[in-house]
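Student:
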Amino acid sequence: MDSNFLILIVIGVLVIGVPIYMKIKKNKAKKKSLLSQRQDKDEVWKTIKQFLHNNNESGANIADSYVVKRNSIDYINPKCSAANKKIFNELIKLRKFINKNNKNITPLQEIYTVVFRTMNAKLNTYANYRCFDCEVQTTKINRKESSKKILIIGEKDYNKEMLWIAPIREEYELKNAKENVKKNKVKKPKS
-13 MDSNFLILIV IGVLVIGVPI YMKIKKNKAK KKSLLSQRQD KDEVWKTIKQ
37 FLHNNNESGA NIADSYVVKR NSIDYINPKC SAANKKIFNE LIKLRKFINK
87 NNKNITPLQE IYTVVFRTMN AKLNTYANYR CFDCEVQTTK INRKESSKKI
137 LIIGEKDYNK EMLWIAPIRE EYELKNAKEN VKKNKVKKPK S
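If you use my numbering, the sequence shown closes out at 177, no skipped numbers anywhere.
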């Protein structure tokens, strides 16, 4: 009788304890992702401020901004000519092959295009959108930690960059709109 009672207690603890443990673990992961999103927004803001400071435009308010990851294979260094594109693509393919086989070589560049516009607080007017490229260099500190360094490559022509950014941005906005519709349907109480 004591062994049956002990088994019931263990099963009861497991039935109650496992869902509580899973909920706590889920909340920690959620808090961590929210913190990560906040840090990413801060990094973008700091990078834009650094770009404005480098161009002697400090003091401007950032009104709107977003970041789009550039495909590193399509990225051509502005100093390279169009004739070097074929050689550059072959080098990228070779580097990808080497990276798979040798972990000591640095990975491909992570290049992002930051699109933003500023606002004049005194006149309450918005400037035109502008964009620049930046590279994120990641260095490992130890097995679990790594640090990021953001290098600003240079300003780009907004109209030319929007040719490839616009479809990506539209796809992102459609996806967000669908998610918002789903969230609103779930949150509505049934009458």
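Every residue gets a Cβ at the ideal spot worked out from N, C-alpha and C, and that includes glycine.
In this text the structure is predicted, and so the values were computed from the model without any measurement.
Can you give me the start and stop residues for the beta strand (DSSP E) that Glu43 sits inside?
Tutor: Locating residue 43 in the sequence shown gives position 57, counting from the first residue. Taken as a continuous stretch (DSSP letters only), Glu43 belongs to no beta strand (DSSP E), as it is neither H nor E.
Student: Quick check for students: name the residue ranges of the beta strand (DSSP E) that lie wholly in the stretch 111 to 163, counting only runs of 3 or more.
Tutor: With a minimum length of 3 residues, the continuous beta strand (DSSP E) runs that stay inside the stretch 111 to 163 are 116 to 126, 132 to 142.
Student: Given a cut-off of 8 Å, decide if Ile97 and Glu29 are closer than it, judged by their beta-carbon atoms.
Tutor: As a working note, residue 29 is residue 43 in the sequence shown. As a working note, residue 97 is residue 111 in the sequence shown. Going by C-beta atoms, Glu29 is not nearer than 8 Å to Ile97.
Student: Should Val167 and Val100 be called a contact, given that it needs their Cβ atoms to be closer than 8 Å?
Tutor: Position 181 of the sequence shown, counted from the start, is the residue given in the question as residue 167. Position 114 of the sequence shown, counted from the start, is the residue given in the question as residue 100. No; because the gap between Cβ atoms is not below 8 Å, this pair is not in contact.
Student: Could you give the DSSP three-state label for Lys55: helix, strand or coil?
Tutor: One-based indexing of the sequence shown puts residue 55 at position 69. The answer is strand: DSSP assigns Lys55 an E or B state.
Student: Give the secondary structure of Ile91 by DSSP, where H, G and I count as helix, E and B as strand, and everything else as coil.
Tutor: Translated into the one-based positions of the sequence shown, residue 91 becomes position 105. Low per-residue confidence applies at Ile91: pLDDT is 48, beneath 50, and the placement is therefore not dependable, though the value from the model is reported in the following sentence. Ile91: coil per DSSP, three-state reduction.
Student: Excluding the 5 residues preceding and the 5 following Asp143 in the sequence, name in chain order all residues of the same chain whose CB lies nearer than 6 Å to its CB.
Tutor: For the purposes of this step, residue 143 is taken as residue 157 along the sequence shown, with counting starting at 1. Here the set comprises nothing.
Student: By alpha-carbon positions, which one of Lys134, Ala113, Asn145, Arg129 ends up nearest to Gln123?
Tutor: Position 137 of the sequence shown, counting from 1, holds the residue named residue 123. Comparing Cα-Cα distances from Gln123 to each of Lys134, Ala113, Asn145, Arg129, the minimum goes to Lys134.
Student: Identify whether Val(-1) lies in helix, strand or coil by the three-state DSSP scheme.
Tutor: Along the sequence shown, one-based indexing puts residue -1 at 13. It is helical.
Student: Going along the chain, which residues of its own chain have a beta-carbon closer than 6 Å to the beta-carbon of Lys65, five neighbours each way excluded?
Tutor: Numbered from its first residue, the sequence shown carries residue 65 at position 79. Its pLDDT being 48, under 50, Lys65 is placed unreliably in this model, and the value from its coordinates should be taken loosely. So the list is empty, once near-sequence residues are dropped.
Student: In or out: Glu147 buried (at least 16 other Cβ within 10 Å) or exposed?
Tutor: Here the question's residue 147 lines up with position 161 in the sequence shown. Looking at its Cβ environment, which holds 16 or more other Cβ atoms inside 10 Å, Glu147 is buried.
Student: So the candidates are Val1, Cys120, Val(-4), Asn13; which of them puts its Cα closest to the Cα of Phe37?
Tutor: Numbered from its first residue, the sequence shown carries residue 37 at position 51. Checking every option, the nearest Cα to that of Phe37 belongs to Cys120.
Student: Between the Cα of Lys35 and those of Val(-4), Ile(-7), Gly3, Phe118, spot the shortest distance and give me the residue it belongs to.
Tutor: As a first step, residue 35 must be located in the sequence shown, where it is residue number 49. For Lys35, the nearest C-alpha among the options comes from Phe118.
Student: Give the single residue among Ile(-3), Ala107, Val(-4), Lys14 whose Cα lies nearest to the Cα of Ala46.
Tutor: Here residue 46 refers to the residue found at position 60 when the sequence shown is read from its first residue. Ranking Ile(-3), Ala107, Val(-4), Lys14 by Cα distance to Ala46 puts Ala107 first.
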